[in-house]
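S.K.:
In the working numbering, the protein residues as written are 101 to 253.
#1: Leaving out the 5 sequence neighbours to the left and right, which residues in its chain are closer than 7 Å to residue 159 when beta-carbon positions are compared?
#2: Is the beta carbon of residue 184 less than 7 Å from the beta carbon of residue 121?
#3: Let me know the secondary structure DSSP gives residue 101 once reduced to three states.
#4: Please return the same chain residues whose Cβ sits closer than 7 Å to the Cβ of residue 101, not counting the five positions on each side in sequence.
#5: If you compare alpha carbons, which of 125, 105, 116 and 115 is closest to residue 210?
#6: For residue 132, does the three-state DSSP call read helix, strand or coil?
#7: Quick check: the segment 102-113 against the segment 156-175, are at least 3 beta-carbon pairs closer than 8 Å?
#8: Could you tell me the boundaries of the beta strand (DSSP E) in which residue 188 lies?
#9: Exposed or buried, which one is residue 191 when buried takes at least 16 other CB atoms within 10 Å?
#10: Secondary structure at residue 138, three-state DSSP: helix, strand or coil?
#11: Taking residue 157 as part of the beta strand (DSSP E), name the residues at either end of that continuous run.
#12: Taking a contact to mean a Cβ-Cβ separation below 7 Å, would you say residue 127 touches residue 216 in this structure?
#13: Which residues does DSSP list as the beta-bridge partners of residue 123?
#14: Give me the residue from 241, 163, 189 and 222 with the minimum Cα distance to residue 212.
Right, dumping it as structure tokens:
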């Protein structure tokens, strides 16, 4: 699948980027299906707001990979800030039990980020992103915290 070109008033570009964001302290919060699903929803909201196309998204236990198409007016630092800032704030607000247990008042995402051009044939990157975390068991937050409370933790 060939990426479409983004047309601006004076340019035609194809800027397809592979990005990766790691959870602070490497906590495996994406094992919880609710957190993973909500994070994905937030990322698509942010992408729509900033006119970014998410081609592929994949989660592993403590990080997320995305293959995105950006406009030539976007700066990567602003793209990272939009995705990480909005999602981190919303996730910690919507899942206070995650914040209490794992983040102790700090942010959701680690300060590092990864970005790289996918090149002319993005198929390899798209497959890599799509297959993140395949074959691992997902947990439910509700069941996890109820089980902890019944054993006195």
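For every residue, glycine included, the Cβ atom is placed at its ideal position computed from N, Cα and C.
M.R.: By the coordinates alone:
#1: Exclusion of the five residues before and after residue 159 leaves 130, 136, 232 and 233 as the residues of its chain whose Cβ lies within less than 7 Å of its Cβ.
#2: The Cβ-Cβ distance between residue 184 and residue 121 falls below 7 Å.
#3: Low confidence applies here, because residue 101 scores a pLDDT of 43, under 50, leaving its location unreliable; read the following figure in that light. Residue state for residue 101 is assigned as coil, using DSSP reduced to three classes.
#4: Note on residue 101: pLDDT 43, under 50, position unreliable in the model; the coordinate value appears next. Exclusion of the five residues before and after residue 101 leaves no residue of its chain whose Cβ lies closer than 7 Å to its Cβ.
#5: Per the Cα distances, 125.
#6: The answer is strand: DSSP assigns residue 132 an E or B state.
#7: The segment 156-175, when compared against the segment 102-113, does touch it at the 8 Å Cβ threshold.
#8: Premise fails: residue 188 lies in the alpha helix (DSSP H), 176-194, not in any beta strand (DSSP E).
#9: Taking all protein chains in view, the Cβ of residue 191 is crowded by 16 or more other Cβ atoms within 10 Å, so the residue is classified as buried.
#10: In the structure shown, residue 138 sits in a helix (DSSP, three-state: H, G or I).
#11: Where residue 157 is concerned, the enclosing beta strand (DSSP E) stretches over 153-159.
#12: No, Cβ-Cβ distance for residue 127 and residue 216 is not below 7 Å.
#13: Answer by DSSP bridge pairing, in chain order: 209.
#14: Minimum Cα distance to residue 212 is reached at 163.
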